[in-house]
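Residue numbers (the UniProt record's numbering), protein chains in the order written: chain A, 1 to 466; chain B, 1 to 438. Glycine included, every Cβ here is placed at the ideal spot set by N, Cα and C.
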Amino acid sequence: MKKLVFTTALAGAAAAHGAAQGAEFKLPQFETTKLSNGLTVMLMERHEVPLIAVRAVVKAGAVNDGTQAGLANLTGDAILLGSEKHAKAAIDEAFDFRGAQLAGGSATEQTTVQANFAKNDAAALLPLFAEIVQQPSFEAAELDKLKNRKVSGLKQAKESPRQVAGTYYRSMLYGDAPYASPAGGTVNSLAALKRADVQGFHGRYFRPDNAAIIVVGDFDPAAMRRQIETLFGQWTADGPAPQRADYGKPLAAKPRVWLVDKPDAIETTFVIGGPGIARNDPDYVPLQVLNTVLGGRFTSWLNDELRVNSGLTYGANSAFSPLAQSGTFAVSSFTASAKTEAALDLALKTYNRLWEKGIDKATLDSAKAYVKGQFPPRFETSEQLASLLGDMYALGVDRAQIDNFMRDVDGLTPAKAKQLVDRHFPRQNLQMVLVGKADDIRKVAAKYGEVTELEISADGFRPGRK
Amino acid sequence: MKWKLAAFVAGSMLAASAQAAFTSDQVQSFTLANGMKFIVLESSTIPNANMYTFWKVGSRNEAPGTTGLSHFFEHMMFNGSKNYGPKMFDRTMEANGGSNNAYTSSDVTVYQDWFPATSLETIFKLESDRIAHLTIDPKMVESERGVVLSERSTGLENSNIRMLMEDLNSVAYSAHPYSWPVIGFESDIKAWTQQDLVNYFRTYYAPGNAVAVIVGDVKADRVKTLATKYFGAIPKRAAPPAVKTVEPEQKGERRLFVAKPSATSANLMVAYKAPRADSPDYYALNVLQGVLTEGKTSRLYKALVEKQLATSVGTDATDGFDPGLLYVFAVAANGVDGAKVEKALLDEIDNVVKNGITEQELQAVKNKKLVNLYRAQETINGKAQQLGNYETFFGDWRKLFAAPAEFEKLTTADIQAVAARYLKKQQRTIGVLAAKEE
Numbered sequence: 001m002k003k004l005v006f007t008t009a010l011a012g013a014a015a016a017h018g019a020a021q022g023a024e025f026k027l028p029q030f031e032t033t034k035l036s037n038g039l040t041v042m043l044m045e046r047h048e049v050p051l052i053a054v055r056a057v058v059k060a061g062a063v064n065d066g067t068q069a070g071l072a073n074l075t076g077d078a079i080l081l082g083s084e085k086h087a088k089a090a091i092d093e094a095f096d097f098r099g100a101q102l103a104g105g106s107a108t109e110q111t112t113v114q115a116n117f118a119k120n121d122a123a124a125l126l127p128l129f130a131e132i133v134q135q136p137s138f139e140a141a142e143l144d145k146l147k148n149r150k151v152s153g154l155k156q157a158k159e160s161p162r163q164v165a166g167t168y169y170r171s172m173l174y175g176d177a178p179y180a181s182p183a184g185g186t187v188n189s190l191a192a193l194k195r196a197d198v199q200g201f202h203g204r205y206f207r208p209d210n211a212a213i214i215v216v217g218d219f220d221p222a223a224m225r226r227q228i229e230t231l232f233g234q235w236t237a238d239g240p241a242p243q244r245a246d247y248g249k250p251l252a253a254k255p256r257v258w259l260v261d262k263p264d265a266i267e268t269t270f271v272i273g274g275p276g277i278a279r280n281d282p283d284y285v286p287l288q289v290l291n292t293v294l295g296g297r298f299t300s301w302l303n304d305e306l307r308v309n310s311g312l313t314y315g316a317n318s319a320f321s322p323l324a325q326s327g328t329f330a331v332s333s334f335t336a337s338a339k340t341e342a343a344l345d346l347a348l349k350t351y352n353r354l355w356e357k358g359i360d361k362a363t364l365d366s367a368k369a370y371v372k373g374q375f376p377p378r379f380e381t382s383e384q385l386a387s388l389l390g391d392m393y394a395l396g397v398d399r400a401q402i403d404n405f406m407r408d409v410d411g412l413t414p415a416k417a418k419q420l421v422d423r424h425f426p427r428q429n430l431q432m433v434l435v436g437k438a439d440d441i442r443k444v445a446a447k448y449g450e451v452t453e454l455e456i457s458a459d460g461f462r463p464g465r466k
Numbered sequence: 001m002k003w004k005l006a007a008f009v010a011g012s013m014l015a016a017s018a019q020a021a022f023t024s025d026q027v028q029s030f031t032l033a034n035g036m037k038f039i040v041l042e043s044s045t046i047p048n049a050n051m052y053t054f055w056k057v058g059s060r061n062e063a064p065g066t067t068g069l070s071h072f073f074e075h076m077m078f079n080g081s082k083n084y085g086p087k088m089f090d091r092t093m094e095a096n097g098g099s100n101n102a103y104t105s106s107d108v109t110v111y112q113d114w115f116p117a118t119s120l121e122t123i124f125k126l127e128s129d130r131i132a133h134l135t136i137d138p139k140m141v142e143s144e145r146g147v148v149l150s151e152r153s154t155g156l157e158n159s160n161i162r163m164l165m166e167d168l169n170s171v172a173y174s175a176h177p178y179s180w181p182v183i184g185f186e187s188d189i190k191a192w193t194q195q196d197l198v199n200y201f202r203t204y205y206a207p208g209n210a211v212a213v214i215v216g217d218v219k220a221d222r223v224k225t226l227a228t229k230y231f232g233a234i235p236k237r238a239a240p241p242a243v244k245t246v247e248p249e250q251k252g253e254r255r256l257f258v259a260k261p262s263a264t265s266a267n268l269m270v271a272y273k274a275p276r277a278d279s280p281d282y283y284a285l286n287v288l289q290g291v292l293t294e295g296k297t298s299r300l301y302k303a304l305v306e307k308q309l310a311t312s313v314g315t316d317a318t319d320g321f322d323p324g325l326l327y328v329f330a331v332a333a334n335g336v337d338g339a340k341v342e343k344a345l346l347d348e349i350d351n352v353v354k355n356g357i358t359e360q361e362l363q364a365v366k367n368k369k370l371v372n373l374y375r376a377q378e379t380i381n382g383k384a385q386q387l388g389n390y391e392t393f394f395g396d397w398r399k400l401f402a403a404p405a406e407f408e409k410l411t412t413a414d415i416q417a418v419a420a421r422y423l424k425k426q427q428r429t430i431g432v433l434a435a436k437e438e
């Protein structure tokens with residue numbers, strides 16, 4: 001590949017880029033209604049192919065794990081293990097036989113159950129989907145198997161620095177706050193979870209007044225509305241709906257380095273940054289444009305310096321990773337162990353150009369054209385649109401952010417860019433995660449802040465308690 | 001390395017119905033006097049378009065000493081041409097709202113451009129300039145070596161499967177160029193000369209060796225006008241030399257072990273000798289892969305993952321111009337011996353060879369092929385990829401539209417027959433990657 005899609009620190013949130021050059025692109029029409037039990041229903045018709053994407057979105061995630069890291073994630077996956085009426089094997093057979101996809105999952109602030117199938121299979125599969133969301137069995141033997149598989153997966157993930165560098169980084173920045181909780185849990189935390197914990201989590205958060213059902217694709221809206229009401233209208237909840245708490249702000253009072261030792265590493269994977277913005281920040285869209293200049297595309301400053309001009313790496317990038325209440329920003333790349341210092345210094349020097357030189361008009365215009373031109377394919381499939389609607393529901397993403405995209409991109413000037421750089425890109429007290437062979441890079445690490453060493457094979461993503 | 005390109009191939013009896021996203025009569029194609037072929041599909045769901053250029057050059061065209069040159073060349077195609085100096089290809093494209101990437105496999109190099117449809121002419125200027133007038137700047141060659149060395153090492157650092165597959169290929173093939181990694185060996189990456197690059201460009205980047213696919217919010221007439229204007233002037237050149245080496249028949253099982261100290265469990269890969277992409281057995285083998293590993297009710301998922309021996313299973317195949325490999329792989333669950341996973345996997349394969357598959361399993365895979373066809377055709381990207389793959393590997397994009405019938409006519413006996421023909425002990429190579437040898 002010419003380029004690497006390097007996503008260590010990316011949150012994966014859909015970026016609300018706007019219209020293509022010369023051609024307006026708008027979020028397709030959709031309807032939002034609320035059933036009498038409080039369930040939000042979002043329907044968007046699309047007829048390009050005879051497919052339907054469905055997702056249940058629950059406002060709960062790793063931030064609700066408390067001391068049980070991985071609980072939301074395990075619950076999200078365990079939903080698929082069968083319902084009170086149908087065993088897991090029957091569910092798997094029903095979906096698999098029809099070429100349907102069924103997946104569960106949980107992120108920091110939302111847990112989703114999603115299905116994707118042919119239009120003609122909706123009558124057979126939607127009732128099963130409704131059952132597993134509302135009445136999952138969490139059958140004990142199946143739950144144990146799932147847990148074991150996830151424990152193996154957590155161990156395997158640490159074989160790949162790229163898969164875990166971002167998790168260490170989040171943990172470093174959020175300390176003891178809920179946002180620090182690793183969504184997948186840790187080997188020890190996951191192993192300790194019991195069936196009752198999963199049932200409890202489901203009972204607390206899977207309730208109609210804390211959830212949305214989103215359907216995007218080829219269907220008749222009146223019929224779909226009736227079917228969703230039939231399948232989900234009897235869902236009830238006791239007591240008040242869960243409320244959101246304070247999930248934390250990034251800590252960056254002094255420069256720090258977490259050095260994660262992987263003794264057989266041949267390269268150093270690094271993440272550098274600090275506090276970012278929340279998902280619904282009014283500056284979200286213009287910041288996507290500015291980040292495009294710094295590290296969001298192939299000709300970005302970071303990729304140009306670290307890859308094209310110096311050949312130190314195959315790819316370098318930067319990204320804001322916004323959450324509902326706050327967020328982080330990070331520059332990320334990797335390089336051969338022996339070149340660690342050169343790459344870190346060049347990354348920092350390049351990052352400082354934001355303040356030392358600023359962004360000229362030609363560069364800004366190019367970035368504006370780029371984000372506009374690359375926007376439409378992000379929302380081309382029903383699945384992508386369902387994901388966007390899910391984020392709008394769970395993270396409180398305001399529709400105005402999408403509707404005002406053109407205005408917000410076009411209104412960006414070099415002067416405004418400078419103000420936004422000063423306001424939002426962290427300049428002092430940078431935080432750094434290095435995953436690599438500690439014996440080779442320990443001295444280098446000490447140049448950049450107070451060093452804490454971690455063993456990659458140790459449990460979790462933070463230093464062990466002394 | 002190339003992962004599954006053909007996973008989205010069409011299927012089932014309904015696929016040819018009016019419900020498919022596009023039909024063959026919507027596709028247009030033409031060939032310029034210099035031999036460069038174009039395939040165009042108008043599709044206006046989003047105001048964007050894609051241009052995919054498939055070049056019939058990959059690591060199979062290399063030799064010891066020049067391994068990885070196709071892939072390296074893929075990088076060099078972004079490093080300057082007559083009218084667009086170093087960096088200007090990307091800068092111009094991005095300033096016009098476009099982005100791009102490229103990949104190289106053992107058989108092809110594919111350049112992908114994604115852009116607002118209004119930038120079509122700019123894309124044609126950029127693409128034709130680098131084919132007509134590439135400059136291979138020695139300074140750019142030097143810095144790009146570092147990039148590719150980093151790409152190579154980061155792949156090995158972060159992917160056990162990649163590391164295992166690279167070593168496995170070198171054991172499974174004794175003569176054919178599929179033996180070496182697409183990215184090349186480290187020593188070769190460091191050794192290419194200016195002349196190697198110049199020769200390679202002249203030999204393989206001849207317009208007759210390419211197929212361009214344009215899908216999106218464009219008009220076919222305009223594409224033809226622009227293609228003629230920008231690519232038509234590039235002189236015709238001789239066809240590249242054929243690859244002559246034929247892999248000798250494998251006479252017995254081969255094995256290898258790869259040590260990676262940080263591996264927490266064994267990674268297993270079993271590769272069987274398989275036919276070239278356009279073999280009559282292609283569709284039956286594709287279904288066989290589906291029966292083995294696609295979905296939670298597939299044979300190997302049930303036998304390995306559901307039984308807690310493995311955390312994941314998969315299959316892959318090299319869709320190539322020459323006979324290649326069908327890979328089956330699994331990652332052992334924590335604490336489970338690799339040998340135990342291997343036995344369970346091979347037992348399950350023997351079971352398919354001996355007892356075949358059920359009607360229900362066959363129908364399930366046919367249904368998957370149909371729904372996956374729709375999924376692929378939901379994007380302009382998927383459509384471009386499908387058309388280009390069929391034209392390149394099957395010789396005609398029209399065969400894409402025959403695929404549903406090819407899948408539909410398969411019987412359980414056909415699947416068992418290909419299993420017996422290809423999943424043979426003497427035709428397999430077994431690779432294990434783990435922290436230490438058991």
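- The continuous beta strand (DSSP E) containing L326/B extends over residues 324 to 332.
- For I234/B, the closest alpha carbon among the candidates L69/B, A132/B, N83/B is that of A132/B.
- Between A405/B and L197/B, the alpha-carbon positions lie close to 44 Å from each other.
- Short of 7 Å from the beta carbon of L168/B, and not among the five residues preceding or following it, lie these beta carbons of its own chain, in chain order: L256, M269, A271, T429, G431.
- In the DSSP assignment, F138/A falls outside any beta strand (DSSP E), carrying neither H nor E.
- Residue-level contact by beta carbon holds for R297/A and chain B, with a gap shorter than 8 Å.
- In chain order, G104, V113, I132, V133, P136 place their CB closer than 7 Å to the CB of I79/A, counting only its own chain and leaving out the 5 sequence neighbours on each side.
- Shown in chain order are the members of the region 35 to 58 of chain A whose Cβ falls below 7 Å from a Cβ of chain B: E48, V49, P50, L51.
- Chain B places no beta carbon closer than 8 Å to that of E341/A, leaving this residue out of the contacts.
- When Cβ-Cβ separations below 8 Å define contact, Q377/B makes contact with chain A.
- With 16 or more other Cβ atoms inside 10 Å of its own Cβ, K339/A counts as buried.
- For M44/A, there is no enclosing alpha helix (DSSP H); the residue is part of the beta strand (DSSP E) that begins and ends at 40 to 45.
- DSSP lists N50/B, S99/B as the bridge partner or partners of W114/B.
- Proximity of chain A to D167/B at the Cβ level (cut-off 7 Å) is not reached, the minimal Cβ distance being about 16 Å.
- DSSP places R162/A within a helical segment (H, G or I) once states are collapsed to three.
- Among the residues of the region 62 to 80 of chain B, those with a Cβ less than 7 Å away from any Cβ of chain A are E74, H75, F78, in the order of the chain.
- Here DSSP, grouped into helix, strand and coil, assigns Q28/B to strand.
- The residues K368, in chain order, have a CB closer than 8 Å to that of D410/A in the same chain once the five nearest residues on each side in sequence are set aside.
- Taken through DSSP and simplified to helix, strand or coil, E359/B comes out as helix.
- Around the beta-carbon of W355/A, fewer than 16 other beta-carbon atoms lie within 10 Å, marking it exposed.
- As summarised for the region 352 to 432 of chain B, the continuous alpha helix (DSSP H) elements at least 4 residues long and confined to that stretch are 359 to 377, 380 to 394, 403 to 408, 412 to 422, given in chain order.
- Here T293/B has L300, V313, G314, T315 as same chain residues with Cβ atoms under 6 Å from its own Cβ, once five neighbours each way along the sequence are excluded.
- Around the C-beta of V287/B, 16 or more other C-beta atoms lie within 10 Å, and the residue is accordingly described as buried.
- Using beta-carbon distances, V371/B counts as an interface residue toward chain A, with a partner under 8 Å.
- If you look at Q195/B, you'll find it in the alpha helix (DSSP H) that goes 194 to 204.
- R55/A has its alpha-carbon roughly 28 Å from the corresponding atom of Q385/B.
- I359/A carries a coil assignment under DSSP once its states are collapsed to helix, strand and coil.
- Counting the other Cβ atoms within 10 Å of the Cβ of E253/B gives fewer than 16, which makes it exposed.
- In this model, E84/A and L364/A are separated by some 56 Å (Cα to Cα).
- Secondary structure of D261/A (DSSP, three-state): strand.
- A straight line joining the alpha-carbon of F138/A with that of A183/A spans about 20 Å.
- Setting aside the 5 residues that flank it on each side, I349/B is surrounded in the same chain by L423, each with a C-beta closer than 6 Å to its C-beta; the list follows chain order.
- The residues T33, I213, I228, in chain order, have a CB closer than 6 Å to that of V41/A in the same chain once the five nearest residues on each side in sequence are set aside.
- The CB of W114/B comes closer than 9 Å to the CB of G373, Q374, P377 in chain A, given here in chain order.
- Taking a C-beta cut-off of 7 Å against chain B, the contacting residues of the region 329 to 355 of chain A are F334, T335, A336, listed in chain order.
- Around the beta carbon of T230/A, a 10 Å sphere encloses fewer than 16 other beta carbons of the protein chains shown; the residue is thus reported as exposed.
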